[in-house]
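Participant: At position 243 of the sequence shown (counting the first as 1) the number is 242 in numbering that gives the first Met the number 0, and the numbers step up by one without a gap.
Each residue gets a CB set at the ideal place from its N, CA and C atoms; glycine is no exception.
All figures in this text were calculated on a predicted structure; none of them were measured in a lab.
There's a structure below that I have some questions on.
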Amino acid sequence: MANVKDIVKDFYTVEDAMAFDEKTVKELQHKHLNKVRNQLSDSFFFTKAEGSKFWDEAGNVHLDFNTGVGVTTVGSNNPFVWEKIKKVVESKQHIIGAIMYHNVAAAFAHDMGLLSPGGKLTKMGTATGGAEAIEGCIKLVKIASRNKKDKTRILACENAFHGKTTGAVSVGGKEQWRKFQHPLMECVDHIPFGDAEALEKALATGQYKAFFVEPIQGEAGVKTPPKGYLKKVRELCTKYDAYMVADEIQCGCGRSGKMWVCQHEDVIPDVIAFAKGFSGGIVPTGGYITTEELFEAAYDSPETCFHHSATYQENALCAAAGLATLQYILENNLIENAAKMGDYFIGRLNDLWKKYPEIIKEVRGMGLMIGLETFALPEKCQGEMGTYYAEAINHDCVMKYHVQFSHTFNNAAVFRFLPPLTVTKDEIDYAMDSLEKTTADIAEKTA
Ligand SMILES: Cc1ncc(COP(=O)(O)O)c(C=O)c1O
């Protein structure tokens, strides 16, 4: 075989790339990928990621309390998940399942059905990410309602985040992500999240096919709805013949202390969108699970069945990663760990809130999906330190103590904590000690 460099002189191989130093990576990335996004995000170059830890080129160890925004549920590079993916690779089986029969994809859909609320969402549509999963949900409810002539519109929530494709920003409720994509899907209306009265008023018009809702709004700043809201949503969607579509892409996968947030209120939605954590952060994945009735209303005919297919759907590597991640979560009691560690973490955050009521406005969340909202910095301190205390505190936690928290793009006042479901008490203590020291420093600097 000829050496690739004899064919294309400056070609980089995987081996070359893995030996790049930080400077080269940054130069190449700025030249060929999204330079400004990396610069504005203060992006790091990590040379290794394992469990709850990242290593940078200087050898510093960083604690991961962000998990790529809720993706590496079972820790980075989980060896159990890699082992199962390797098994599929080594078997040399056909990888793409979309229009073939596929053993691993079939097993994943089966197991997700078993773990769905009430075991009722036994049909799956697959995707390669969250936004594509949402597009799949939009299409599902449109095709399923194609003969209901009065059902012309879709209802969704203000401030919701469902991804950045055109359909997803249409059901999304933030103009920030919609503004350069107009014209959007014109059939979507938005109501305030958590407001059952507004929901009933809208649904009573009889024009809505479906209501899209995040059971906990993530990007909006970890907003939890009032108790009983999801139950009411279920009742109203049934009463007015609208499908309930729960986007559990960020809050699902055991993070809340149950597999699905809807299960905290014994609610069985018609559709749940999933992505992020379901492949352990190793391969791109996503999709939805739904009832047999709804899926068949959409796709159980030769006229419609091909309307949901895409090249990488029902991909064996995604399905293997999904199966392995679920197995790892269940066998290691990680959902119970999320509930227990979440209570401990929220308890420590509440103590911090009591100590700094002039800095912290609220602590909220469920399990290991936690938000901490801060007030605006005093005017004299705004600018370089940011606008909100969250920005200043986050910056110092990352830089001084190497704890990777994140604050939400949609709400800069809010810190978001999304550690892996494997997180330990010691890791929470380290993160909390860093947060406490940083908050004390910032309180002194801004006094
Ligand atoms: C609730 C929710 N839905 C959808 C998405 C979009 O997922 P993806 O980034 O994989 O397209 C996200 C991503 O943050 C999300 O939090």
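List the DSSP bridge partners of Ala222.
Facilitator: Position 223 of the sequence shown, counted from the first residue, corresponds to residue 222. It should be noted that the sequence gives Lys, not Ala, for residue 222. Bridge partners of Lys222: Gln216.
Participant: If you measure from the CB of Gly162, is any heavy atom of ligand 1 nearer than 6 Å?
Facilitator: For this step, residue 162 is matched to residue 163 along the sequence shown. Yes, the beta carbon of Gly162 sits closer than 6 Å to at least one heavy atom of ligand 1.
Participant: Spatial neighbours of Phe44 within its chain, please: C-beta separation below 8 Å, excluding the five flanking residues on both sides.
Facilitator: Position 45 of the sequence shown, counted from the start, is the residue given in the question as residue 44. Excluding sequence neighbours, Phe44 sits near Glu21, Val24, Lys25, Asp55, Glu56.
Participant: Using DSSP's beta-bridge definition, name the partner residues of Glu49.
Facilitator: On the sequence shown, position 50 is the one that residue 49 refers to. Bridge partners of Glu49: Lys52.
Participant: How about the stretch 241-248 and the stretch 323-337: do they share at least three Cβ pairs that are nearer than 8 Å?
Facilitator: Cβ pair count under 8 Å is below three, so no.
Participant: I think Ala337 touches Arg254, with their Cβ atoms under 8 Å apart; what is that distance to the nearest whole Å?
Facilitator: Counting from one through the sequence shown, the residue named residue 337 turns up at place 338. Counting from one through the sequence shown, the residue named residue 254 turns up at place 255. Correct: roughly 6 Å between the Cβ atoms.
Participant: So within the stretch 95-171, which uninterrupted alpha helix (DSSP H) runs reach at least 4 residues, ignoring any that extend past its ends?
Facilitator: As far as the stretch 95-171 is concerned, its whole alpha helix (DSSP H) runs of at least 4 residues are 102-113, 129-143, 165-170.
Participant: Whose CA, out of Lys163, Phe210, Ile190, Phe179, lies closest to the CA of Thr151?
Facilitator: Here residue 151 is taken as the residue at index 152 of the sequence shown, counted from 1. Checked all of Lys163, Phe210, Ile190, Phe179; the closest Cα to Thr151 is Phe210.
Participant: Closest to Ser169 by CA distance: which of Ser144, Lys148, Ile133, Asp194 is it?
Facilitator: On the sequence shown, residue 169 is found 170 positions in, with the first residue counted as 1. Per the Cα distances, Ile133.
Participant: So is the beta-carbon of Ala274 under 6 Å away from any non-hydrogen atom of ligand 1?
Facilitator: Your numbering for residue 274 matches position 275 in the sequence shown. Yes.
Participant: Glu213: beta carbon under 6 Å from a heavy atom of ligand 1?
Facilitator: Counted from its first residue, the sequence shown places residue 213 at position 214. Yes; taking the cut-off as 6 Å, the Cβ of Glu213 has a heavy atom of ligand 1 nearer than that.
Participant: For Tyr387, name the three-state secondary structure that DSSP assigns.
Facilitator: Taking the first residue of the sequence shown as position 1, residue 387 is located at position 388. Tyr387: strand per DSSP, three-state reduction.
Participant: According to the Cβ coordinates, are Glu218 and Asn409 closer than 7 Å?
Facilitator: Looking up residue 218 in the sequence shown gives position 219. Looking up residue 409 in the sequence shown gives position 410. Yes.
Participant: Going by DSSP in three states, Gly285 sits in which element: helix, strand or coil?
Facilitator: The residue you call residue 285 lines up with position 286 of the sequence shown. Three-state result, Gly285: strand.
Participant: Which residue or residues does DSSP assign as beta-bridge partners of Gly276?
Facilitator: Indexing the sequence shown from 1 puts residue 276 at position 277. Looking at the DSSP assignment, Gly276 forms no beta bridge with any residue, so it has no partner.
Participant: Taking the alpha carbon of Ser278 as the point to measure from, which residue in Ile271, Ile328, Asp269 has its own alpha carbon closest?
Facilitator: On the sequence shown, position 279 is the one that residue 278 refers to. It is Ile328 whose Cα lies nearest to the Cα of Ser278.
Participant: Looking at Leu139 and Ile288, is the spacing between their C-beta atoms short of 7 Å?
Facilitator: Taking the first residue of the sequence shown as position 1, residue 288 is located at position 289. Taking the first residue of the sequence shown as position 1, residue 139 is located at position 140. No, the Cβ-Cβ distance between Ile288 and Leu139 is not below 7 Å.
Participant: Going by Cα to Cα distance, which pick from Glu196, Cys261, Glu131, Leu198 is closest to Thr165?
Facilitator: Position 166 of the sequence shown, counted from the start, is the residue given in the question as residue 165. That would be Glu131, whose Cα lies nearest to the Cα of Thr165.
Participant: Can you confirm whether Gly193, when its beta carbon is compared against all beta carbons of chain C, has any partner nearer than 7 Å?
Facilitator: The chain labelled as chain C is not found in the depicted structure, where only one protein chain is given.
Participant: Within 10 angstroms of its Cβ, does Pro182 collect 16 or more other Cβ (buried), or is it exposed?
Facilitator: By 1-based counting over the sequence shown, the position of residue 182 is 183. Answer is exposed; the Cβ neighbour count stays below 16.
Participant: Candidates Phe192, Thr284, His101, Arg363: which alpha carbon is nearest Phe344's?
Facilitator: Along the sequence shown, one-based indexing puts residue 344 at 345. The option with the nearest alpha carbon to Phe344 is Arg363.
Participant: State the DSSP-derived secondary structure class of His93, mapped to helix, strand or coil.
Facilitator: Taking the sequence shown and counting its residues from 1, the one referred to as residue 93 is at position 94. The answer is coil: DSSP assigns His93 none of H, G, I, E or B.
Participant: Going by the C-beta, is Ile248 closer than 6 Å to any heavy atom of ligand 1?
Facilitator: Position 249 of the sequence shown holds residue 248. Because some heavy atom of ligand 1 lies under 6 Å away, the Cβ of Ile248 counts as near it: yes.
Participant: For Glu372, which beta-bridge partners are listed by DSSP?
Facilitator: By 1-based counting over the sequence shown, the position of residue 372 is 373. Partner(s): Glu361, Val413.
Participant: Can you tell me which of Gly227, Thr223, Gln206 puts its alpha carbon nearest to the alpha carbon of Glu196?
Facilitator: Against the sequence shown, residue 196 aligns to sequence position 197. Closest option to Glu196, Cα to Cα, is Gly227.
Participant: In the DSSP assignment, what residue or residues form a beta bridge with Asp188?
Facilitator: Indexing the sequence shown from 1 puts residue 188 at position 189. In the DSSP output, where bridge partners are listed per residue, Asp188 has Leu154.
Participant: Pull up the CB-CB distance for Glu157 and Pro191, whole angstroms please, since I reckon it's below 8 Å.
Facilitator: Here residue 157 refers to the residue found at position 158 when the sequence shown is read from its first residue. Here residue 191 refers to the residue found at position 192 when the sequence shown is read from its first residue. About 5 Å separates the two Cβ atoms, so the contact holds.
Participant: Given 8 Å as the limit, is there contact between the stretch 261-276 and the stretch 350-361, that is, 3 or more CB pairs closer than that?
Facilitator: Touching, no.
Participant: For Gly217, is the beta carbon positioned less than 6 Å from some heavy atom of ligand 2?
Facilitator: As for ligand 2, it is missing from this structure, which binds only ligand 1.
Participant: So what's Asp428 in DSSP terms, helix, strand or just coil?
Facilitator: For this step, residue 428 is matched to residue 429 along the sequence shown. It is helical.
Participant: Are Met123 and Gly286 close, meaning C-beta to C-beta below 7 Å?
Facilitator: Here residue 123 refers to the residue found at position 124 of the sequence shown. Here residue 286 refers to the residue found at position 287 of the sequence shown. The answer is yes: Cβ separation under 7 Å.
Participant: State the DSSP-derived secondary structure class of Trp400, mapped to helix, strand or coil.
Facilitator: For the purposes of this step, residue 400 is identified with residue 401 of the sequence shown, where counting begins at 1. For clarity, residue 400 is Tyr in the given sequence; the question names Trp instead. Tyr400: helix per DSSP, three-state reduction.
Participant: Is any non-hydrogen atom of ligand 1 found closer than 6 Å to the C-beta of Ala430, if you look at the structure I gave you?
Facilitator: Translated into positions along the sequence shown, residue 430 becomes position 431. No, ligand 1 has no heavy atom inside 6 Å of this Cβ.
Participant: Which residues in the same chain as Ala203 place their Cβ atom closer than 8 Å to its Cβ, once the five residues preceding and following it in sequence are excluded?
Facilitator: Within the sequence shown, the letter at position 204 stands for residue 203. Counting only Cβ-Cβ distances below 8 Å, and skipping sequence neighbours, we find Tyr239.
Participant: Can you determine whether any heavy atom of ligand 1 sits closer than 6 Å to the C-beta of Gly118, and answer yes or no?
Facilitator: Locating residue 118 in the sequence shown gives position 119, counting from the first residue. Because no heavy atom of ligand 1 lies under 6 Å away, the Cβ of Gly118 does not count as near it: no.
Participant: Where does the unbroken alpha helix (DSSP H) through Met17 begin, and where does it stop?
Facilitator: The residue you call residue 17 lines up with position 18 of the sequence shown. Looking at the DSSP string, the run of the alpha helix (DSSP H) that includes Met17 is 13-17.
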